[in-house]
Each structure stands twice: as C-alpha cells, then as structure tokens.
Ligand SMILES: [Zn+2]
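In our numbering, the protein residues as written are 102 to 205.
Set out below in structure tokens:
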C-alpha cells in the first residue's frame with residue numbers, strides 16, 4: 102500500500118503529502134483523487150473489483166477548469182430530476198468555503 106499520494110498525473114508534482122492519517126495515505130492535501138473501474142470505451146482498462154486511482158493537484162485542476170477541460174455532473178436528488186453535466190469553471194465562493202472546511 103502506498104504510504105503517500107502518487108505524483109499529480111498532469112504536472113508530475115511528487116511533493117503532495119497525505120491530508121490526514123485517518124484517510125487513505127494516498128488522499129492528498131491540495132489535490133483530488135479520481136478512480137475508475139474502467140470505461141466502456143477504453144481499449145486499455147476495464148476491470149472488475151479493481152480500480153485505477155490517479156491524483157490531480159489543485160493547481161492543475163484549476164488550470165484544466167479554466168481551459169474548459171473539466172466537466173461537473175450534478176446527480177438527481179430524486180427520480181423526477183435529470184442529471185446534468187456542464188463544463189466546470191472552477192470553484193465558486195460557496196464551493197471554496199465547503200472545500201476549505203475539509204482541510205486543516
Ligand atoms: Zn499537477
């Protein structure tokens with residue numbers, strides 16, 4: 102098991118530290134974890150019971166959002182609503198406050 106977050110998949114920053122010893126040690130401070138079991142369209146990875154995990158540092162996430170390369174999906178709260186997917190343009194002030202409450 103890794104004892105620290107892997108490097109950012111975008112910029113290669115390998116200096117990310119774990120956010121908290123009570124989280125998995127690959128959960129980074131100032132970064133986001135993305136995982137997948139694979140995707141229908143992938144020709145290289147589609148596994149059951151195994152996930153790929155990658156890290157994107159916050160700086161790269163903001164740069165990719167500014168470039169229009171990040172989608173944000175809103176899941177329906179009930180069956181009468183539809184999910185929506187939009188281009189994420191970066192954190193709004195309310196999201197920044199929410200995110201700040203999780204880091205120490
Ligand atoms: Zn990065």
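We treat Cβ as the ideally placed atom computed from N, Cα and C, and that holds for glycine.
If distances are taken between C-alpha atoms only, which option among the options comes closest to residue i?
i, options, result
"residue 164", "132, 154, 177", "132"
Tell me the DSSP secondary structure of residue i in three-state form.
i, result
"residue 135", "strand"
"residue 162", "helix"
"residue 203", "Residue placement at residue 203 is poorly supported in this model, since its pLDDT is 43, which falls under 50; the coordinates still yield a value, given next. Three-state DSSP puts residue 203 in coil, outside helix and strand."
Quick one: give me the first and last residue of the beta strand (DSSP E) that residue i is part of.
i, result
"residue 158", "153-158"
"residue 185", "185-188"
"residue 78", "Nothing about residue 78 can be read from this structure; the chain reaches only from 102 to 205."
Within 8 Å: the Cβ of residue i and any heavy atom of ligand 1?
i, result
"residue 160", "yes"
"residue 157", "yes"
"residue 191", "no"
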